[in-house]
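Below: one structure, written as structure tokens.
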Amino acid sequence: MTDVTSSSAQPAFAAMVEHPAARALIRRHRLRWWELLPWAAAVVFYFAAPDYLGFGTGLLITILFALSLDLALGYAGIVTLGHAAFFGTGAYAVGLLAFHGIWTEPLSSLVIAAVLAAIVGLLSGLVLLRTRGLTLLMLTICTMALLEQAANMAHDYTGGFDGLPSLPIAPVFGVFEFNPLYPNTQFLYSLGVVLVCFVFLRTLVYSPFGQSLTGIRENLLRMHAVGSPVRRRLVTCYTISAALAGIAGGLWAQTNAYVNLSVLGLDRAATVLIVLILGGYGRLYGAFIGAVVYLALEHFLARIYPTAWQLGLGVLLVLIALFARNGILGLGEMLWQRHGPRRARS
Amino acid sequence: MTEIRLETRALSRRFGALVAVHNIDFKLGDGARHALIGPNGAGKTTFINLLTGVLPPSGGSVLLGGRDITATTQAERVKLGIARTFQINRLFRGLSVLENVCIGVAERVGAASSMVYPTGRRRDVIGESMQLLETLKLQDHARQRVSELPYGRQRLVEIAIAIGLRPKVLLLDEPAAGVPSAESHIILDAIERLPEHIAVLIIEHDMDVVFRFAKRVTVMVSGAVFAEGTPREIEANPQVRAVYLGQACHG
């Protein structure tokens with residue numbers, strides 16, 4: 000690492016970092032109090048809603064999946080509708096290993112899921128990321144469809160359309176069993192994994208690497224002109240994003256104890272995109288808000304109006320697209336800036 | 000003229016049947032203040048794109064400090080010391096002015112591939128960027144989003160990013176284009192105060208800018224060098240007046 004701390008910075012620069020703009024940039028990555036809220040809410044949820052822990056586990060996994068997409072789409076501007084390719088790779092990695100009795104230890108299985116998904120991300124990224132826009136979008140869908148068909152055709156190993164049921168997953172740390180009726184372990188285990196992944200991702204987006212991804216999103220030509228190895232950055236980002244999606248998929252397989260073709264489907268890829276757009280992309284916490292709103296709507300609207308609950312979701316999406324291009328979180332930020340306490344502008 | 004910094008030998012570029020740049024032999028010395036003028040479609044921007052490696056040439060070579068860099072990529076040439084600004088703003092519009100400059104500086108010092116430490120820990124990068132903004136009198140806008148700035152200041156950010164790369168050769172593609180005349184002095188001031196050792200090549204249509212700034216002028220017409228000399232010589236050259244200066248008056 001080439002980190003230079005303030006002590007070795009030149010004295011002329013030292014005075015400059017006192018400027019409010021510089022101070023804001025220096026402090027940007029610091030933890031703010033409200034960033035603890037989602038995790039506190041998760042703990043409260045665990046105690047307050049023991050009957051909903053299965054729902055909560057699904058929510059956590061959706062959040063992680065949406066976060067992985069946020070890195071690629073929200074930060075680097077990689078337009079993809081095929082992110083389920085990596086979710087599915089992770090899920091099938093865990094499922095195949097467990098079903099065939101090769102490997103059932105959950106944490107190391109997730110590492111394997113991440114590595115395999117990263118390999119798929121790297122190989123497809125090397126080809127795909129030569130293109131942009133609509134071409135890229137189509138190619139990501141194609142990659143996912145190819146994987147889905149491969150999983151379907153390898154019936155002897157993957158169970159084809161029926162999938163792999165009743166996966167044996169070993170207890171976490173050899174102690175905590177996954178109980179399908181009382182998913183306490185599943186919830187806490189998922190919460191731990193999502194927290195670790197989130198800390199990693201948060202570090203990444205506030206790093207100079209993350210900043211350069213934002214630069215690529217904002218202006219590709221300029222990034223080339225400042226000497227940035229744009230292609231390498233994009234492929235690296237896509238690979239990391241794929242690994243995180245793979246972990247989400249692996250978690251899904253473990254906590255549900257089955258895998259089927261739905262993990263690789265366009266439905267799943269579209270849902271996570273909707274979640275991210277709903278919450279707001281390129282801002283980390285959009286994934287949290289989007290997942291909560293989407294799954295809550297799905298859960299409660301489907302109860303009230305089982306046949307047409309998606310209508311409500313559709314109306315909400317239209318409203319978001321028309322009035323809040325940056326999602327619910329973007330809307331909140333805008334209202335805060337307009338009506339919140341005025342801060343001194345430099 | 001001092002040491003040759005940038006040189007082209009028989010540099011050419013064809014687009015199908017169109018010869019956009021034809022056999023250009025060009026030299027830019029250390030600390031040069033050189034203007035490239037010519038009518039629209041003369042191949043000036045294509046020439047810049049060949050120098051920066053955006054386009055591969057159809058023939059000929061580009062040398063930087065005597066070294067043949069024809070085969071190097073755009074990113075490598077930036078590392079070797081060739082920076083440019085764009086005729087149309089290419090900025091990180093959604094980011095602050097300070098961040099715009101920081102991204103370039105971080106790439107130059109090799110910080111940009113770091114994934115572990117937050118950007119805020121690189122006080123050297125932030126401090127240097129702030130200082131650069133101060134020399135360009137942009138410090139009061141440092142926190143503003145680029146998209147919120149008036150156009151003239153945005154053009155200045157273009158120049159700031161390029162200077163942040165600490166180039167040996169700076170290529171300015173119509174730096175004052177589109178800037179209202181009330182604001183254009185800030186661009187001119189910035190250009191005049193560029194560090195002396197940088198070799199500057201400026202494409203410009205505004206003859207006042209050219210004659211105020213340049214020590215040498217090259218006139219391009221139809222992809223080839225039509226004339227070269229001091230501003231006085233060029234101004235006095237009847238052929239140049241016919242093809243270019245006259246045309247400018249008409250247009």
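Protein sequences, first through last, are from chains A and B.
Quick note on numbering: numbering that gives the first Met the number 0 labels position 104 of the first sequence as 103, and the sequence is numbered without any gaps.
Quick note on numbering: numbering that gives the first Met the number 0 labels position 239 of the second sequence as 238, and the sequence is numbered without any gaps.
All C-beta atoms, glycine included, are put in the ideal place defined by N, C-alpha and C.
Which chain B residues sit within Cβ distance under 8 Å of Phe208/A?
-> The contacting residues are Ala111, Ser112, Ser113, Met114.
Just mark Ile303/A as buried or exposed, buried being the case when its beta carbon has 16 or more other beta carbons within 10 Å.
-> exposed
Alpha-carbon to alpha-carbon, Glu173/B and Ser148/B | Reading off the sequence shown, one finds Leu at residue 148/B, where the question assumed Ser. Spanning the alpha carbons of Leu148/B and Glu173/B requires a straight line of approximately 19 Å.
Drop a sphere of 10 angstroms on the beta-carbon of Phe14/B, count the other beta-carbons inside from all chains shown, and report buried for 16 or more, exposed for fewer.
-> exposed
Run through DSSP, which three-state label would Asp29/B get?
-> coil
Tell me where the beta strand (DSSP E) around Ala251/B begins and ends.
-> Residue 251/B lies beyond the range of chain B shown here (0 to 250); nothing can be said about it.
What does a CB cutoff of less than 7 Å around Val110/B pick up in its chain, not counting 5 residues either side in sequence?
-> One point to set straight first is that residue 110/B is Ala, not Val, in the sequence displayed. Answer for Ala110/B: Arg121, Val124, listed in chain order.
Beta carbon of Gly248/A nearer than 8 Å to that of Leu328/A = no
Between Tyr51/A and the rest of its own chain, which residues show a CB-CB distance below 8 Å, the 5 nearest in sequence each way excluded?
-> Phe44
Beta-carbon gap between Gly55/A and Thr139/A smaller than 8 Å = Not a contact, by the Cβ cut-off of 8 Å.
Exposed unless 16 or more other CB atoms sit within 10 angstroms - verdict on Ser113/B | buried
Contact list for Asn218/A against chain B, beta-carbon separation under 8 Å | Arg89, Leu90, Phe91, Arg92
Top-ranked residue by Cα proximity to Val262/A, from Ala23/A, Ala144/A, Pro37/A = Ala144/A
Tell me Ser60/B's beta-bridge partners as DSSP assigns them.
-> Arg8/B
Who are Ile227/B's beta bridge partners in DSSP?
-> Checking the sequence shown, residue 227/B turns out to be Glu, not Ile. Under DSSP, the beta-bridge partners assigned to Glu227/B are Thr217/B.
Starting from the C-beta of Ala175/B, find all residues in its chain whose C-beta is less than 8 Å away, skip the five residues before and the five after it, and write them out in chain order.
-> Arg154, Ser183, Ile186, Leu187, Glu203, Asp205, Val208
Check whether Leu316/A and Ile288/A have beta carbons under 8 Å apart = no
Can you grab the Cα-Cα spacing for the pair Glu234/B / Ala34/B, in whole Å?
-> Rounded to the nearest angstrom, the two C-alpha atoms are 13 Å apart.
Exposed or buried, which one is Gln130/B when buried takes at least 16 other CB atoms within 10 Å?
-> buried
Which residues in the same chain as Met222/A place their Cβ atom closer than 6 Å to its Cβ, once the five residues preceding and following it in sequence are excluded?
-> Gly214, Ile215, Val229
Sequence-distant residues of its chain with Cβ nearer than 6 Å to Phe46/B (five each side left out) | Val20
Check whether the Cβ of Lys78/B lies closer than 8 Å to any Cβ atom in chain A.
-> yes
Out of Ser128/B, Gly80/B, Leu62/B, point me to the one whose CA is closest to Leu24/A's CA.
-> Ser128/B
Own chain residues within Cβ distance below 7 Å of Asp29/B, not counting five before or after = Excluding residues up to 5 positions away in sequence, Thr1, Glu2, Arg4, His196, Ala198 lie with their Cβ nearer than 7 Å to the Cβ of Asp29/B in the same chain.
Using a C-beta cutoff of 8 Å, does Gly226/A count as contacting chain B?
-> yes
Select from the stretch 24-46 of chain A all residues with a C-beta closer than 7 Å to any C-beta belonging to chain B, and list them in chain order.
-> Leu24, Ile25, Arg26, Arg27, His28
Taking Ala181/B as the reference, which of Val18/B, Gly151/B, Ala41/B, Ser11/B has the closest Cα?
-> Gly151/B
Would you give the residue range spanned by the alpha helix (DSSP H) that Arg154/B belongs to?
-> 150-163
Flag this pair as touching only if the stretch 242-256 of chain A and the stretch 59-71 of chain A have three or more C-beta atom pairs under 8 Å; answer yes or no.
-> yes
Kindly say whether Gly76/A, judged by its beta-carbon, lies nearer than 8 Å to any beta-carbon of chain B.
-> Under the 8 Å criterion on CB atoms, Gly76/A is classed as non-interfacial with respect to chain B.
Sorted by chain position, which residues of the same chain lie with C-beta nearer than 7 Å to Ala159/B's C-beta, five sequence neighbours on each side aside?
-> Val100, Leu131, Leu132, Leu135, Leu137
Would you list, in chain order, the members of the stretch 188-205 of chain A that have their beta-carbon closer than 8 Å to a beta-carbon of chain B?
-> Thr202, Leu203, Tyr205
Status (buried if at least 16 other CB within 10 Å, exposed otherwise) for Tyr156/A = Exposed: under 16 other Cβ atoms inside 10 Å.
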